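Numbering (the numbering used here) for the sequence shown: 648 to 895.
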Amino acid sequence: MKDRYALVTGGSSGIGRAACIKLAELKLNIIINYNTNHEGALETKKAVEDTGVKAVLLPFDVSDSTIVTDVLGKWIADNQDSFIEVLVNNAGMRKDKLIIFTSDQEWHDVVAANLHSIFYVTKQVLKQMILNRKGNIINISSLSGVKGWSGQVHYSASKAGIIGASRSLAREVGKKNIRVNVITPGFIDTRMISNLEEEKFKPGIALNRFGTPEEVGDLIAFLASEKSSFITGQTISIDGGDYHPLSG
């Protein structure tokens, strides 16, 4: 019996950390990916280990295909007694700016971090899932990928791309007993939106508050569990009933 693992990209804080902890509570060992936030990753590692499972730190830049292959591909090859059964593609970035002021490099950076990364990481993990005829991929998109926001053309495009790619992948691998779903969080109280004033946005949210990373983590854990065994190819919003108009 192989050791069962979940890989969470961007696991050093926010939604990623919550996902690591909630998946650990399902008795999955956790691979915590991060890029630069080593201190945060160590905090996640301790929280995961406190649940009684193993935690592995695996730092690499998800937006660099060569690095993903060298680091993640090597870990998989070197750990044949382990199986990454659950993949949570959570890592991402924002660089809000009107399109007329967005440089080519800024466009590339955002799309690479949010969309290209899912291709690079999933490709490495999927091979093992296909061989084992079992797997679960959960991609974190955004409400911005569904409705769009001013100043987020590159971000919204990348997050919408995640939805389309996930629907197609769900059809590709469904008969291999691999499920693929997307979560589109709304305003979640994380570092990514720390510059936003909650009071300004609450009137457009039915529940009149921002969500928490733990609430998103609970949804991730549900989709990773057998309780959702007949759910695939879906885009599930967790936004507190956000009804801001398309104009943002």
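We treat Cβ as the ideally placed atom computed from N, Cα and C, and that holds for glycine. Because the structure is a prediction, the values reported are computed rather than measured.
DSSP state of residue i, grouped into three classes?
{"i": "N828", "result": "strand"}
{"i": "R741", "result": "coil"}
{"i": "A653", "result": "strand"}
{"i": "F748", "result": "helix"}
{"i": "G661", "result": "helix"}
{"i": "S894", "result": "In this prediction, S894 scores a pLDDT of 38, lower than 50, which makes its location untrustworthy; no coordinate-derived value is stated."}
{"i": "G639", "result": "In the structure as shown, the chain begins at 648 and stops at 895. Residue 639 is therefore absent and cannot be evaluated."}
{"i": "N682", "result": "coil"}
{"i": "D889", "result": "strand"}
{"i": "G858", "result": "strand"}
{"i": "I677", "result": "strand"}
{"i": "I787", "result": "strand"}
{"i": "S872", "result": "coil"}
{"i": "M648", "result": "coil"}
{"i": "V709", "result": "coil"}
{"i": "E696", "result": "helix"}
{"i": "W796", "result": "coil"}
{"i": "E672", "result": "coil"}
{"i": "T879", "result": "coil"}
{"i": "C667", "result": "helix"}
Return the Cβ separation of residue i and residue j in integer angstroms, given the expectation that the two are a contact with Cβ distance under 8 Å.
{"i": "S660", "j": "G687", "result": "5 Å"}
{"i": "T749", "j": "H801", "result": "6 Å"}
{"i": "F730", "j": "Y652", "result": "7 Å"}
{"i": "T656", "j": "V735", "result": "7 Å"}
{"i": "P832", "j": "I662", "result": "7 Å"}
{"i": "V863", "j": "I810", "result": "Going by Cβ atoms, the distance from V863 to I810 rounds to 16 Å, so no, they are not a contact pair."}
{"i": "D728", "j": "L790", "result": "Actually they do not touch by this definition, with Cβ atoms about 40 Å apart."}
{"i": "V772", "j": "L654", "result": "6 Å"}
{"i": "K692", "j": "L704", "result": "6 Å"}
Can you give me the start and stop residues for the alpha helix (DSSP H) that residue i sits inside?
{"i": "P850", "result": "No alpha helix (DSSP H) contains P850, which DSSP labels as neither H nor E."}
{"i": "V715", "result": "712-715"}
{"i": "W722", "result": "721-725"}
{"i": "I835", "result": "Taken as a continuous stretch (DSSP letters only), I835 belongs to no alpha helix (DSSP H), as it is neither H nor E."}
{"i": "A804", "result": "800-820"}
Could you please give the first and the last residue of the uninterrupted beta strand (DSSP E) stretch that includes residue i?
{"i": "I883", "result": "882-885"}
{"i": "V703", "result": "702-706"}
{"i": "L734", "result": "729-736"}
At least one CB of chain B closer than 8 Å to the CB of residue i: is that the case?
{"i": "E846", "result": "Any reference to chain B falls outside this structure, which holds one protein chain only."}
Stretch-stretch touch, CB-based, cutoff 8 Å, three pairs: the segment 689-701 with the segment 712-719: Flag = no, the segment 689-701 and the segment 712-719 do not touch.
Segment contact, 8 Å Cβ cut-off, at least three pairs: the segment 805-825 with the segment 856-875: Cβ pair count under 8 Å is below three, so no.
Sufficient close CB pairs (3 or more, under 8 Å) joining the segment 663-670 to the segment 714-731: The segment 663-670, when compared against the segment 714-731, does not touch it at the 8 Å Cβ threshold.
Sufficient close CB pairs (3 or more, under 8 Å) joining the segment 676-686 to the segment 874-891: In short, these stretches do not touch, since the Cβ pair count stays below three.
Sufficient close CB pairs (3 or more, under 8 Å) joining the segment 804-816 to the segment 755-762: The answer is yes - the segment 755-762 touches the segment 804-816, with three or more Cβ pairs under 8 Å.
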